[in-house]
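Accompanying notes for the structure given below.
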Amino acid sequence: MVKHTVTGGAGFIGSNIVAALIDQDAPVTVIDDLSSGYETNLEPFSHVEFDKASILDPASVRARIAGADAVFHLAASVGNKRSIDNPILDSQVNVIGTLNVLEACRRGDVRKIVYSSSAGIFGELKHLPIGEEHPVEPDSPYGVSKLGGEKHCLAYAKLYDLDAVALRYFNVYGPNQRFDAYGNVIPIFVFQMLQGEQITIFGDGEQTRDFVNVADVVQVNLTAAASDGVSGAFNIGSGTRITINDLARVLMDLIPEHGGVRYGPSRSGDVRDSLADISAARSALGYEPSVTIEDGLVEYVEWARQEIERL
Ligand SMILES: NC(=O)c1ccc[n+]([C@@H]2O[C@H](COP(=O)([O-])OP(=O)(O)OC[C@H]3O[C@@H](n4cnc5c(N)ncnc54)[C@H](O)[C@@H]3O)[C@@H](O)[C@H]2O)c1
């Protein structure tokens, strides 16, 4: 029987991957230190083997990875702000932790790793849409460490009998994405609106983002794990973009109890526009995003309402 390990499986994207693997009746092992993940994300799955451990502990990583058919590596210290607050931890987890995972793959006869990379590796954007050839000049410790993790994966694929696929996500959203200090714009807007609070748009709101639904990210992870002989880095967005003003308008229609919008000064370091060119993932992995932002937001708002009731 096919067996999988998911690092960071108690987190937002990881727990959605775990759910999809369980749907396929595949045994799943999760290693997660719960530093930003939630054990409740795994509660629906009684037969997930969960090890509360850090990827900085090589013995735990080896024990959980040996003999897996594929490893989905999501455990990371996530986000630009967190990395600026704590750059040492950021690189320890994202670079050394990734090397621990790769060493465990090499020693444990694992032939496939799917690495969650980030569009944060690109830094200031030079042109749209953003293809794989776009210059990588990260402007935060997080962008540097995610690029380092990606490059280590691709180097291992050249050195050893291991396929490595790095998926560079743009802005992912969907169920299990909680509001926190390092949160992304969709959870921040939705949780504030549901509590009747006013949201803040920084700048004129005409900046654009490529939001990709977690269901599409899960699908491409599964396809990447099943694609024999494919190694490389691929941009994973929706291939469409929306202004922050339009995002706010769609959400206000879905959340009548919202508390309105105020505009604040634009934030330094925020990119103006973002849009993934997904043609490489389309041809190598058959990637075809299927969830529109409108449908995805309906589902997310419903999940967030239930989450607030649970709290
Ligand atoms: N959410 C996005 O929009 C986005 C965009 C680009 C890339 N990514 C990447 O996707 C992956 C998952 O991100 P997410 O949004 O689900 O965030 P998340 O914070 O929900 O998930 C990260 C998980 O890793 C775990 N973790 C952190 N440090 C660990 C350690 N030392 N050992 C074991 N587990 C550890 C956390 O507890 C958490 O469960 C990350 O690698 C992130 O860099 C996410």
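Heads up: the sequence shown at position 91 corresponds to 90 in numbering that gives the first Met the number 0, and the numbers run straight through without jumps. Ideal Cβ positions, reconstructed from N, Cα and C, are used throughout, including at glycine. Since this is a predicted model, take the numbers as computed values, not measurements.
Give the straight-line distance between the Cα atoms of L153 and V5, rounded to the nearest whole angstrom.
Locating residue 153 in the sequence shown gives position 154, where the first residue counts as 1. Locating residue 5 in the sequence shown gives position 6, where the first residue counts as 1. Rounded to the nearest angstrom, the two C-alpha atoms are 19 Å apart.
Should K125 be listed as close to ligand 1, given that the test is whether its C-beta is under 8 Å from any heavy atom?
As a working note, residue 125 is residue 126 in the sequence shown. Because no heavy atom of ligand 1 lies under 8 Å away, the Cβ of K125 does not count as near it: no.
Just confirm the distance between the C-beta atoms of G268 and D138, as a whole number of angstroms; I'd bet it's less than 8 Å.
As a position in the sequence shown, residue 268 is number 269, starting the count at 1. As a position in the sequence shown, residue 138 is number 139, starting the count at 1. With 8 Å as the limit, G268 and D138 qualify as a contact, their Cβ atoms being about 7 Å apart.
So the beta strand (DSSP E) R167 belongs to, where does it begin and stop?
Translated into the one-based positions of the sequence shown, residue 167 becomes position 168. Here the beta strand (DSSP E) through R167 covers D162 to Y168.
Do Y299 and V189 have their C-beta atoms closer together than 9 Å?
As a first step, residue 299 is located in the sequence shown; it is residue number 300 there, counting from the start. As a first step, residue 189 is located in the sequence shown; it is residue number 190 there, counting from the start. Result yes, Cβ atoms of Y299 and V189 sit closer than 9 Å.
With DSSP as the reference, identify every bridge partner of Y181, one or two as the case may be.
Position 182 of the sequence shown, counted from the first residue, corresponds to residue 181. Y181 is not bridged to any residue.
Quick one: what does DSSP say R208 is sitting in, helix, strand or coil?
Here residue 208 corresponds to residue number 209 of the sequence shown, with the count starting at 1. Of the three classes helix, strand and coil, the one that applies to R208 here is strand, per DSSP.
Beta-carbon proximity list for S117, same chain, < 8 Å, skipping 5 on both sides
Counting from one through the sequence shown, the residue named residue 117 turns up at place 118. Closer than 8 Å at the Cβ level, and outside the excluded window around S117, lie Y141, G142, K145, R167 and Y168.
Give the straight-line distance between the Cα atoms of F11 and P174, rounded to the nearest whole angstrom.
The residue given as residue 11 occupies position 12 in the sequence shown. The residue given as residue 174 occupies position 175 in the sequence shown. So the alpha carbons of these two residues sit roughly 8 Å apart.
Alpha carbon to alpha carbon, how far is I185 from I241? Give it in angstroms, no decimals.
Locating residue 241 in the sequence shown gives position 242, counting from the first residue. Locating residue 185 in the sequence shown gives position 186, counting from the first residue. Roughly 12 Å between the two C-alpha positions.
Does the distance between the C-beta of F169 and the nearest non-hydrogen atom of ligand 1 fall short of 8 Å?
Translated into the one-based positions of the sequence shown, residue 169 becomes position 170. Yes.
My output table needs one value for V29: the three-state DSSP class, helix, strand or coil.
For the purposes of this step, residue 29 is identified with residue 30 of the sequence shown, where counting begins at 1. Strand.
Neighbour-count burial assignment, K51, 16 or more Cβ in a 10 Å radius:
Working through the sequence shown from its first residue, we reach residue 51 at position 52. Result: exposed.
For S289, which option in G195, Q191, A214 and E38 has the closest C-alpha, if you only look at C-alpha atoms?
In the sequence shown, counting from the first residue as 1, residue 289 sits at position 290. Taking only the C-alpha atoms, the option nearest S289 is A214.
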